[in-house]
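In the working numbering, the protein residues as written are 160 to 303.
Ideal Cβ positions, reconstructed from N, Cα and C, are used throughout, including at glycine.
What you are looking at is a predicted structure, and each value in this text was computed from that prediction instead of being measured.
Only one structure is covered here, and it is reproduced in the block below.
As structure tokens, then:
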């Protein structure tokens, strides 16, 4: 019995030490994960499907709205890797990604009128993914 408790105590101590020494995941790290997932997600076939896509001229305070637009349409992309598709959707909703993209104060947001998703131009899936990648890369470059 004493040996069991010693083992449990050692295991808890080891887990605590590991948790204290593991580096925190930064916003840049999470953006890199999202960028990698976008580049790994291959569009399987060319379809006639078109997607609303925020373009490269997105106002800074509308970047979060644009990200939400991209994320809302990811499920309908023609890809064979549905697991990666779901991981990307989950990654794009993470707090660190949202805060990296949304760098405006509430006052700044109140001054702009962001376009609704269905008002953006409709483009094919390859251009859609390219625009999403551009948004993530722009956010990455703006981080300190």
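Which same chain residues, not among the five before or five after residue i, have their C-beta less than 7 angstroms away from its C-beta?
i, result
"residue 271", "218, 220 and 221"
"residue 282", "209, 210 and 212"
"residue 186", "255, 258, 259 and 302"
According to DSSP, is residue i helix, strand or coil?
i, result
"residue 289", "helix"
"residue 202", "coil"
"residue 294", "helix"
"residue 219", "helix"
"residue 179", "Residue placement at residue 179 cannot be trusted, given a pLDDT of 48 that sits under 50; the coordinates are not used to answer."
"residue 238", "coil"
"residue 301", "helix"
"residue 274", "coil"
"residue 262", "coil"
Which residues does DSSP pair with residue i in a beta bridge?
i, result
"residue 282", "210"
Residue range of the alpha helix (DSSP H) that residue i falls in?
i, result
"residue 243", "241-251"
"residue 228", "222-232"
"residue 269", "265-270"
"residue 184", "Note, residue 184: premise wrong, no alpha helix (DSSP H); not H, not E."
Near residue i, what residues of its chain come up, given a Cβ to Cβ distance below 8 angstroms and the 5 sequence neighbours on each side ignored?
i, result
"residue 200", "236, 238, 240, 243, 244, 247 and 288"
"residue 234", "244 and 248"
"residue 286", "212"
"residue 184", "255"
"residue 230", "248, 251 and 252"
Under 8 angstroms: do the stretch 219-238 and the stretch 267-285 share three or more Cβ pairs, one atom per stretch?
With a cut-off of 8 angstroms, the stretch 267-285 and the stretch 219-238 count as touching, because enough Cβ pairs lie within range.
Touch test, the stretch 180-195 against the stretch 291-298, Cβ-Cβ under 8 angstroms, three pairs minimum
Two segments are said to touch when three or more pairs of C-beta atoms, one from each, lie closer than 8 angstroms; by this definition the stretch 180-195 touches the stretch 291-298.
Three CB pairs or more closer than 8 angstroms across the stretch 250-260 and the stretch 198-212:
The answer is no - the stretch 198-212 does not touch the stretch 250-260, with fewer than three Cβ pairs under 8 angstroms.
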